[in-house]
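If you use the working numbering, the sequence shown corresponds to residues 7 to 439, in order.
Following: one structure in structure tokens, then a few remarks.
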Amino acid sequence: MAVAPAPAALSAVEIASAVRSRTLRAVDAVASALERIERADPVLCAFIEVWGEEALRRAREVDARVGAGERLPLAGVPIGVKGRHGLRAADPLLAAGCVAVGATSVPGPGTAWQTWGLGRYGRTVNPWRHDRTPGGSSAGSAAAVAAGLVPLATGSDGAGSVRIPAAWCGVVGLKAGNGRPPSTDRTGLMAPGVLARSAEDVAAYWAVVSGAEREAVTVAGTATATGGGADTDGMDTDGTDPDGPPGEYDAPTAEWSPDLGFDSPDPDVVAVAHAAAVRLAEAGALRLVRPRAPLRLDDPAPAWLALRTPGADPAPAHRIRAANDRRLSAFFSGARLLLTPTAPTSPHGHEGPGERYSTALTWAFNLSGHPAISIPAGFGPDGCPVGLQVVAAHGREELLLDVARAAEVHDGGGGPGDPGGPGSLWTGTCVRI
């Protein structure tokens, strides 16, 4: 008889595989996650609510579905969902066999800044340094994933709310292209996302979510996605045929920008993120090319803030947005990837961010709608993780996932700088009590 694997050490993909093969019960995977949350959350404060009895009931249902021969791509995977209303956006994941164990923390009432979280027991702490914030607004999701409480958690990203906490907690965070899948955000700036400890788990999430989107689009009788949309000419943005024969330049071309032409990120953060970009190039995951001219975007802050402010004049925002869209279109006609630091600073303390916008390098892509991912790049001098942001053309989420997978292969499984890999647990490498 096969020995059941220890759920705490498994990725989402591994849990699902074990549950489908019936070497692990979904109810045991979920019970293990609930035990870890019970043990860790009084310090971490990553959850607003924990749905223990309901989660175990759902897990038993998953076991019954598997026993009846149903093949669920994410069978028995315990997940956190962002905020009390997070289940609304998690339907495709639940249909694929995931079991929601609780609502993760988000900024508390009256908080002017969003890089913060308030859980059941108090403010959410960064698993690497408890005197620092995990980032936000997907604060609890990032902290819970980084600490190994759940392998996967949902987020939403209106200005960097998935990518920034992913960077500051040392995990992978994907913001899908705006409109893929659709969002209820009236401004169109918000996109759904996910946080996980491995690129393979993010890819499994995207396979489920994008598959549900394609099914909905087919039912609606149209062949194009909402939002930015994918290219339809069958050619990659650098003019190569993705289905053509392999050649000398299979690695996607990428350009590095430390500041997008307007920001002043901390030199230590820039150095760590740039070193990760160079490692990816040395590993053959991408081909760094020198830009003909540095990318210079207009600072998106006035545009983003105007679009989020009821009654504000939208004309200046539209001008900034249109100018940046032209520059990004020209950029992606010559390179397939854009690399930047994810956040311009290390995680700030619980007293707040001061005058710095942690969103400085992320919210341009909420305005433009491009898909973007943050992958672990290493650690700053303060011992906190640093993220590398990778941005692709509209509809190229799969390209981002390819780069993230390559980063993990090159750096030993958990992303650059992750000493524990995908199996790093609450009692292991990052949470320091």
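We put the beta carbon where it would ideally sit given N, CA and C, even for glycine.
Check, Outcome
"Continuous beta strand (DSSP E) assignments of at least 3 residues falling wholly in the stretch 354-402", "378-385 and 391-398"
"DSSP state of Glu76 mapped onto helix, strand, coil", "coil"
"Element boundaries [alpha helix (DSSP H), containing Trp174]", "Arg169 to Cys175"
"DSSP-derived helix/strand/coil call for Arg203", "coil"
"Under the three-state DSSP convention, the category Thr246 falls into", "For Thr246, the predicted model reports a pLDDT of 42, less than 50, meaning its position is unreliable and no value from the coordinates is stated."
"With 16 other Cβ atoms within 10 Å as the buried cut-off, status of Thr29", "exposed"
"Limits of the beta strand (DSSP E) - the one that Leu344 falls within", "Leu343 to Pro347"
"Option nearest Cys175 by Cα separation, candidates Ala65, Asp256, Asp137 and Ala277", "Asp137"
"Continuous beta strand (DSSP E) assignments of at least 3 residues falling wholly in the stretch 264-301", "none"
"Top-ranked residue by Cα proximity to Gly355, from Gly142, Ser27 and Gly89", "Gly142"
"Cβ shell of Ile381 (< 6 Å), same chain only, five flanking positions each side left out", "Val178, Leu394, Ala410, Ala413 and Gly421"
"Arg466 (DSSP reduced to helix, strand or coil)", "What the structure shows of the chain is the stretch from 7 to 439, and residue 466 is not part of that stretch, so it cannot be assessed."
"Proximal residues to Arg302 (C-beta, below 8 Å), its chain only, five neighbours per side dropped", "Leu266, Gly267, Phe268 and Arg333"
"For Asp163, three-class secondary structure by DSSP", "strand"
"Uninterrupted beta strand (DSSP E) stretches inside the stretch 127-164 (no shorter than 3 residues)", "158-163"
"N- and C-terminal bounds of the beta strand (DSSP E) containing Pro84", "Pro84 to Lys88"
"Minimum C-alpha distance to Ala299 - residue among Phe337, Asp272 and Pro271", "Phe337"
"Supposed contact pair Leu367 and Val208 - C-beta distance, whole angstroms, cut 8 Å", "About 20 Å; that fails the 8 Å criterion."
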